[in-house]
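Take a look at the structure below.
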Amino acid sequence: MVKTCLLTVGSTRFDQLVSAFLLPDSLESLSDLGVNHVVAQVGNSLLPPGYHLGTTALPGGVRLEVFRFAGDLEEQVGNADLVVSHAGAGSLLSFIRPLSTSGGSSPGRAAHRKLVLVPNSTLMDSHQSDLAEEMDKKGWATICWTPEDLPPTLRGLGKGRDVQTGTAQSAFPELDKGKVQRILNEVLGYA
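Structural data, given as C-alpha cells:
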C-alpha cells in the first residue's frame, strides 16, 4: 500500500521549510513512518543543493516528487496520509475538507490524515501562528514552531503522539452542511 506525505508551502517562499523537509533526517523519518511516496509542492522557494524538480527514487524505495505549483493540489491533499505545511488560511481549509476526484479522500481517510503545521515566521504578522495554535487547541494538528524542529517532530509522529503536547491528533468534525444556513436564519430572524 502506498503511503503518501505531502509538503505544501503555497505560493509564498518558505525556503527554510523546504530545506528542512528535504533533509536526509526528515526523509528517513518519513520512511520510518512507512511513507513511500513523498510529494513536495515548493512554490517559489529555492531548492537545496542536489535537489531538482521532477521525480527521484530515494533509498529505501521512497519516491520523491518535487514541483512548484499544481492545479490539483486539493486532490493531492485528499490522497495524502500526512501533510506538512505552512499554516496559511487557504491551505488549512483544504486540509480539513480536501477535494478528490479520484475517490481517494473519504471521511475515514480525512479522519486519519495527520497534519503538521510549520508557521512561517518570516511573514509580517503572526496570523499563521494564530491559526496553527487554534488547530492545535482543537487537536487537529501538530505544530512544529521552526523548520529546524521538523525532523524530531516527524519522529514523534511515529509514536502516534503530538511531539509538543504528547497527545494524539483528533479527527476533524463531521461536515454539517446545514450549519451556515441555520446561522443565517438565526441572524436574519427566520429561525
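The sequence shown runs 1015 to 1205 under our numbering. Just so you know, even glycine gets a beta-carbon here, dropped at the ideal spot from N, CA and C. Fair warning: this is a prediction, and the values are worked out from it, not measured in the lab.
**Request:** Work out the CA separation of D1046 and P1121 for me, nearest whole Å.
**Result:** Per-residue confidence for P1121 stands at a pLDDT of 47, beneath the threshold of 50, marking its modelled position as unreliable; no derived number is given.
**Prompt:** Out of A1155, W1159, Q1195, which has the shortest C-alpha to C-alpha gap to F1109?
**Reply:** A1155
**Message:** For Y1204, count the other beta carbons within 10 Å of its own beta carbon; 16 or more makes it buried, fewer makes it exposed. Which is it?
**Reply:** exposed
**Asked** When we look at the beta-carbon of T1179 and count the other beta-carbons within 10 Å, is it buried (16 or more) or exposed?
**Response** With a pLDDT of only 43 at T1179, under the threshold of 50, the placement of this residue in the model should not be trusted; the figure read from the coordinates follows. Answer is exposed; the Cβ neighbour count stays below 16.
**Message:** Output needed for H1051: all residues of its chain with C-beta closer than 8 Å, excluding positions within five of it in sequence on either side, in chain order.
**Reply:** V1016, K1017, T1018, C1019, V1076, R1077, E1079
**Which residues DSSP lists as bridging Q1055, in chain order** = T1022, F1081
**Item:** Simplified DSSP assignment, three categories, for G1203
**Value:** coil
**Message:** Using a 10 Å radius around the Cβ and a threshold of 16 neighbouring Cβ atoms, would you call S1135 buried or exposed?
**Reply:** exposed
**Request:** Let me know if N1093 comes out buried or exposed under the rule of 16 or more other beta-carbons within 10 Å of its beta-carbon.
**Result:** buried
**Prompt:** Which same chain residues, not among the five before or five after C1158, have their C-beta less than 6 Å away from its C-beta?
**Reply:** V1130, V1132, L1164, T1167
**Request:** Could you tell me whether the segment 1025–1040 touches the segment 1052–1062, using the rule of 3 or more Cβ pairs below 8 Å?
**Result:** yes
**Request:** Return the chain-ordered list of same chain residues with a C-beta closer than 7 Å to the C-beta of E1162, the five sequence neighbours on each side being excluded.
**Result:** A1034
**Prompt:** Which residue or residues does DSSP assign as beta-bridge partners of A1071?
**Reply:** R1077
**Per DSSP, cross-strand counterpart(s) of I1157** = L1131
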